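Report on the structure given below.
Chains as they are written, first to last, in this note's numbering: chain A, 1 to 272; chain B, 1001 to 1285.
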């Protein structure tokens, strides 16, 4: 406590005097790590300064956006939504049977629980773009590999969230159902699902929003959707077309964000 | 109806039940009294294998109950349970909650798709009528009050058409008026349907009012067994060691269950000199 006239400065101080040199070492170590990272990532503000005219030039070439190009973007934009829709649906279908094994309180045994958690971690750990590259190689160019990439990554994310919401439920009704002689699947259907369904719908809506955002860039690796047009226009140096693509993507993402927020708010209100 | 022999339940190093023997007749209404942590809940939960007994045998309706899959299904179909916190599923309708009592005896595959035999729905409605909740059948269960939820819990237990109902402190969260109502439904079930009821309580008054027989449990052992009118101060002192009185006597009281045989004959307890109220008050201070 340090008195400041009528006021006191209250700050937590470690017991004993650690010595000024310990602080000095900590600060120097911090600076060292940042310096090391800056070298590795070639952070250079002078380069950024030198590049400014080029960025301005690039932006200048993008303006004004080519509104004519909008007509050609309708179909890819719709395709993007379609990819997101099926990516989400397949992710849900994959995640639902897995999540019960990944929930500590429902899982039949500890080994299955840990194994399933790792399966979900792995599918969730691989980025959608990387998955899309793999699926493009496997099933060829087009929107379908995009759907598969979103489905696999989404299953990992949804499975984890579903399992966590199962772990938060009230165990009492589950115990009561077991005590009536209900089987394990009956216990899940009548005891678990009614308790988690609104949380699940909220997560699914959020996942759809994320999938839509991801689907706009999947085209960059040839997995369909509006990203394909974006990369194509850049390769042809049609920067005014690129600007139109970016604008359409921004509008799509904002709309998805708005609708998903409203929908989740509405579901949570209805749940009360 | 229920015969328990040498039942032990251990949790790690802690022994919750020490070689408990208990026999309950068909249609009997038995109340188990005991302090928190005395082992009453564990005793009930061993009967339907929500807790797996460490040692000993439990026979329900002449058949030894087993903890394997088939054994569990059999014993849990015959034995219904009522919980302190009702344990109804909040987002299901009242009727569906009662129907979950029938899950053990209906085709599982149909139930997964929410298809129920008309016979089972009729049973569920009849059980709701018995606890006077039939007008609420289609409401969501989380819109009900605590007492009403417990009545749903009773209807669910009745819908099971059980031979035994285990009630684990069914009225601990309810006001006195609602408590009497709930206990009356249980009493009715035992009288009219011949269902054996074993009910954990911690209110001595209700035990006196509703029980045909009272079992006292302390520190994992049965320390009293007798009629409700035999619940004297000495008996309560045995059941609640250190709880009735504080001070010098508490240590002796705590030791009593250790030396006592699993079941103290009620006559022997009567022979002990009765304490007068002023004496009790003095010992408490």
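Using N, Cα and C, we set each Cβ at its ideal position, and we do this for glycine too.
Here the structure is a predicted model, which is why all the values come from computation and not from measurement.
When beta bridges are read from the DSSP output, residue 1003(B) appears opposite 1023(B), 1059(B). Within chain B, the residues whose beta carbon sits less than 9 Å from that of residue 177(A) are 1087, 1089, 1100, 1103, listed in sequence order. Runs of the alpha helix (DSSP H) spanning 4 or more residues and lying entirely within the segment 1133 to 1160 of chain B occur at 1146 to 1159, in chain order. In this structure, the beta-carbon distance from residue 120(A) to residue 152(A) does not fall below 8 Å. Residue 1034(B) and residue 1070(B) have their C-alpha atoms roughly 33 Å apart. 8 Å or more divides the Cβ of residue 1184(B) from the Cβ of residue 1041(B). Going by DSSP, residue 3(A) is part of the beta strand (DSSP E) stretching over 2 to 4. Taken in chain order, the unbroken stretches of alpha helix (DSSP H) that lie wholly in the segment 1070 to 1100 of chain B and span 4 residues or more are 1094 to 1099. Look at residue 3(A): its C-beta is not under 8 Å from any C-beta on chain B. Residue-level contact check: residue 195(A) touches chain B, since one or more beta carbons of chain B fall below 8 Å from its beta carbon.
The Cβ of residue 173(A) sits closer than 8 Å to at least one Cβ of chain B. Under the rule that a run must span 4 or more residues, the alpha helix (DSSP H) segments found entirely inside the segment 190 to 230 of chain A read 193 to 218.
No Cβ of chain A is located within less than 8 Å of the beta carbon of residue 1124(B). Under the three-state reduction of DSSP output, residue 1215(B) falls in the strand class. Comparing alpha-carbon positions, the option among 243(A), 179(A), 233(A) lying closest to residue 1048(B) turns out to be 179(A). One alpha carbon belongs to residue 253(A), the other to residue 233(A), and they sit about 20 Å apart. Per DSSP, residue 159(A) is one residue of the alpha helix (DSSP H) stretching across 143 to 167. From the listed residues 229(A), 25(A), 175(A), the smallest Cα separation to residue 247(A) is found for 229(A). Within the segment 1212 to 1232 of chain B, no residue places its CB atom closer than 7 Å to a CB of chain A.
Assignment of beta-bridge partners to residue 1046(B) by DSSP yields no partner. Spatial neighbours of residue 1194(B) in its own chain (CB-CB distance under 7 Å, excluding positions within 5 residues in sequence) are listed in chain order as 1026, 1027. Bridge partners of residue 1032(B) according to DSSP: 1200(B), 1215(B). Counting only Cβ-Cβ distances below 9 Å, residue 1076(B) has contacts in chain A at 178, 179, 180, 181, 182, in chain order.
For residue 1234(B), the uninterrupted alpha helix (DSSP H) segment begins and ends at 1233 to 1239. Residue 1215(B) is positioned such that its CB atom lies closer than 8 Å to that of residue 1022(B). At a cut-off of 8 Å between C-beta atoms, residue 1111(B) counts as an interface residue with respect to chain A. A distance of 8 Å or more separates the beta carbons of residue 122(A) and residue 158(A).
When the beta-carbon positions are compared, residue 1147(B) and residue 1187(B) stay at least 8 Å from each other. Taking 8 Å as the CB threshold, residue 1160(B) lines the interface with chain A. At a beta-carbon threshold of 7 Å, none of the residues of chain A lie near residue 1200(B); the nearest stands roughly 15 Å away.
Taking a beta-carbon distance threshold of 8 Å, residue 1184(B) does not count as an interface residue toward chain A. Partner residues in the beta bridge of residue 9(A), as assigned by DSSP, are 2(A). Annotated three-state conformation of residue 1227(B) is coil, per DSSP. In terms of Cβ geometry, residue 1079(B) and residue 1152(B) do not form a close pair [threshold 8 Å].
For the pair residue 103(A) and residue 38(A), the CB atoms are not nearer than the 8 Å cut-off. Counting only residues of its own chain and dropping the five nearest sequence neighbours on each side, residue 1204(B) has a CB closer than 7 Å to the CB of 1033, 1231, 1236.
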